[in-house]
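First to last, the protein sequences are chains Y and Z. Under the numbering used here, the first residue of the first sequence is numbered 29, with each subsequent residue one higher. Under the numbering used here, the first residue of the second sequence is numbered 29, with each subsequent residue one higher. Note that CB positions come from ideal geometry on N, CA and C, so glycine has one too.
Number of protein chains: 2
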Amino acid sequence: MAKRVSHRDSICGVARPLDAIGDWWSLLIVRDAFDGLRRFGEFQKSLGLAKNILSARLRNLLAHGIMETVPAADGSPYQEYVLTEKGRGLFPLLVALRQWGEDFFFEPDEAHVLLVDRKSGLPVRRLELRAQDGRVVGAGDTMVRLPQTSPENGIA
Amino acid sequence: MAKRVSHRDSICGVARPLDAIGDWWSLLIVRDAFDGLRRFGEFQKSLGLAKNILSARLRNLLAHGIMETVPAADGSPYQEYVLTEKGRGLFPLLVALRQWGEDFFFEPDEAHVLLVDRKSGLPVRRLELRAQDGRVVGAGDTMVRLPQTSPENGIA
DNA sequence: TCGAGCGGTTTTAAATTGAAACCACCCTGT
DNA sequence: ACAGGGTGGTTTCAATTTAAAACCGCTCGA
Numbered sequence: 029m030a031k032r033v034s035h036r037d038s039i040c041g042v043a044r045p046l047d048a049i050g051d052w053w054s055l056l057i058v059r060d061a062f063d064g065l066r067r068f069g070e071f072q073k074s075l076g077l078a079k080n081i082l083s084a085r086l087r088n089l090l091a092h093g094i095m096e097t098v099p100a101a102d103g104s105p106y107q108e109y110v111l112t113e114k115g116r117g118l119f120p121l122l123v124a125l126r127q128w129g130e131d132f133f134f135e136p137d138e139a140h141v142l143l144v145d146r147k148s149g150l151p152v153r154r155l156e157l158r159a160q161d162g163r164v165v166g167a168g169d170t171m172v173r174l175p176q177t178s179p180e181n182g183i184a
Numbered sequence: 029m030a031k032r033v034s035h036r037d038s039i040c041g042v043a044r045p046l047d048a049i050g051d052w053w054s055l056l057i058v059r060d061a062f063d064g065l066r067r068f069g070e071f072q073k074s075l076g077l078a079k080n081i082l083s084a085r086l087r088n089l090l091a092h093g094i095m096e097t098v099p100a101a102d103g104s105p106y107q108e109y110v111l112t113e114k115g116r117g118l119f120p121l122l123v124a125l126r127q128w129g130e131d132f133f134f135e136p137d138e139a140h141v142l143l144v145d146r147k148s149g150l151p152v153r154r155l156e157l158r159a160q161d162g163r164v165v166g167a168g169d170t171m172v173r174l175p176q177t178s179p180e181n182g183i184a
């Protein structure tokens, strides 16, 4: 469960969150939670994974503060799993993943779900990274700056 | 290697790309590739993973068209691994992951790398999802529309 | 009080991971 | 020619993780 990462990775800002999510199942659970699923059985039916795995993944998400349990909500004596603010912070990541999937994993004419703005019903725009002045920047237009040392290339 | 996902997932637009990436190591390899790393040994030294694992992950990334091998580049008789356009399409996802990490995985005063605009040297803006009319939309402002059926809630 | 649904845990086999050893190829020096 | 080192892997094997299935306990309604 606790995958050890190198020091370089622990400061890098990418490996640490990856470690918290755990594995892909966790991300699919989070996606379903955004969909409004809350109950153990709902996740299990939606994802089709074994109950012990789901149990372990939920426990991990709870331990990392990505989800939390709330007592009842609709009378039943069971608890429900809901996203915390930290968990809701994963929304852009899921959108990025979805848009990447739309770009490269579906044939142009292949049917797939579409993320639309609830108010207008129109598809949302593409995620774009912008600099402070509003320019859209790509990977090559960015670099990472290390904490106190001199700048260095890449997006590390 | 080939994790089976349900039909619901195969159309969902999230599970399919997840399956292609494979696991977290692959995403760290892609991150390093954005950093300019190209050689087997560079990846291995940077990530500190076993050579057989790196070999398997690179093979998987090649198989999914996320990276490709190019013959030489600098005289050496070896091949190099570079991102394809599909692989470069993962940039927003990595940025989303990084920004989430910055938000929730570092103490306010804790040193961490910063993604900056290369031209201005200033930090990049936050990724924002916008509707066609330019409004910033969050998870609750969106829904998914299935291919030919009636609309349905959630971000599925 | 019986049974069913829900939410797990335990058990067990199978698959995956990862460390280390091994190997092949090319280049360099002598 | 050939010894040695760097690079890029594959193979081997033990240990961990995964996953399916059985089991368990609780609550509720009949």
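Could you check whether the region 87-94 of chain Z touches the region 76-89 of chain Y, counting it as contact only if at least three pairs of C-beta atoms, one from each stretch, sit closer than 8 Å?
no
Less than 8 Å between the C-beta atoms of P120(Z) and A43(Y), yes or no?
no
So that I know if they touch, is there some Cβ in chain Y lying closer than 8 Å to that of D145(Z)?
yes
Report, in whole angstroms, the separation of the C-beta atoms of G129(Z) and P99(Y), which I expect to be a contact under 8 Å.
About 31 Å separates the two Cβ atoms, so there is no contact after all.
Measure the alpha-carbon distance for L118(Z) versus S54(Z) and round it to whole angstroms.
11 Å
Out of R163(Z), L111(Z), D145(Z), state which residue places its alpha-carbon closest to the alpha-carbon of P151(Y).
R163(Z)
Contact between the region 104-115 of chain Y and the region 52-71 of chain Y is defined here as three or more beta-carbon pairs at a separation below 8 Å; is this criterion met?
yes
Please state whether DSSP places D145(Y) in a helix, a strand or coil.
strand
Can you have a look at T177(Y) and say buried or exposed, based on whether 16 or more other CB atoms are within 10 angstroms of its CB?
Interpretation of T177(Y) is limited by its pLDDT of 45, a score under 50 that renders its predicted location unreliable; the figure taken from the coordinates is listed afterwards. Exposed, since its Cβ has fewer than 16 Cβ neighbours within 10 Å.
Nearest-angstrom Cα separation, counted from Y106(Z) out to I94(Y):
43 Å
Specify the secondary structure class of L46(Y) as computed by DSSP and reduced to three states.
helix
Just to confirm the assignment, what range does the alpha helix (DSSP H) spanning L125(Z) have?
119-132
How should D131(Z) be labelled, buried or exposed, when 16 other C-beta atoms within 10 angstroms of its C-beta is the threshold for buried?
exposed
Check R158(Y) in the structure and name its three-state DSSP category.
strand
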